[in-house]
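Engineer: This is the structure, below, for whatever I ask next.
Residue numbers (this note's numbering): 16 to 108.
Written out as structure tokens, the structure reads:
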């Protein structure tokens, strides 16, 4: 039954974590670190706009840290620096 539970999910799965964005200038920054072998990789997204006109830029960095709080903090700092450097052109394809 183990493979069946993994396929369809089980009732004891962790609840989805709600990520509160950090507002910076006209952007919202969402820290979403990725757990990898006891470490956390810097990852997240930057959004701008509202409703149907929301633009999103996702990124994953090579940086890994020992705990989630530090990974979140560094992600916010890197995202702010990226916004300062690129502005709205973050969303150019």
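For glycine and all other residues, C-beta sits at the position ideal for the given N, C-alpha and C. The structure presented is a predicted model; accordingly, all values stated were derived computationally and were not measured.
#1: Just to confirm the assignment: which complete beta strand (DSSP E) runs, minimum length 3, are found wholly within the segment 61 to 100?
#2: Whose C-alpha, out of 55, 69, 54, is nearest the C-alpha of residue 61?
#3: So residue 34 is in the beta strand (DSSP E); what residue range does that whole segment cover?
#4: Let me make sure I understand the geometry here. Which of 88, 52, 54, 77 has the alpha-carbon closest to that of residue 36?
#5: Go ahead and pull the three-state DSSP assignment for residue 103.
#6: Can you tell me the Cβ-Cβ gap for residue 72 and residue 105, rounded? I've got them flagged as a contact below 8 Å.
#7: With DSSP run on the structure shown, which of helix, strand or coil describes residue 51?
#8: Between 31, 85, 74, which lies nearest to residue 98 when the distance is taken from Cα to Cα?
Structural biologist: A quick look at the data gives this:
#1: DSSP runs (the beta strand (DSSP E)) wholly in the segment 61 to 100: 70 to 80.
#2: Numbered from its first residue, the chain shown carries residue 61 at position 46. Cα-wise, what sits closest to residue 61 is 69.
#3: Numbered from 1 along the chain shown, position 19 holds the residue referred to as residue 34. The continuous stretches of beta strand (DSSP E) do not include residue 34, and DSSP gives it neither H nor E.
#4: Counting from 1 along the chain shown, the entry for residue 36 is found at position 21. If you compare the alpha carbons of 88, 52, 54, 77 with that of residue 36, the shortest gap goes to 88.
#5: Start at 1 with the first residue of the chain shown, and residue 103 comes out as number 88. Here residue 103 sits in helix by DSSP.
#6: Stepping through the chain shown from its first residue, residue 72 is reached at position 57. Stepping through the chain shown from its first residue, residue 105 is reached at position 90. Indeed, because the Cβ distance is near 5 Å, the residues count as touching under 8 Å.
#7: Here the question's residue 51 lines up with position 36 in the chain shown. It is a strand residue.
#8: Locating residue 98 in the chain shown gives position 83, where the first residue counts as 1. Comparing alpha carbon positions, the residue from 31, 85, 74 closest to residue 98 is 74.
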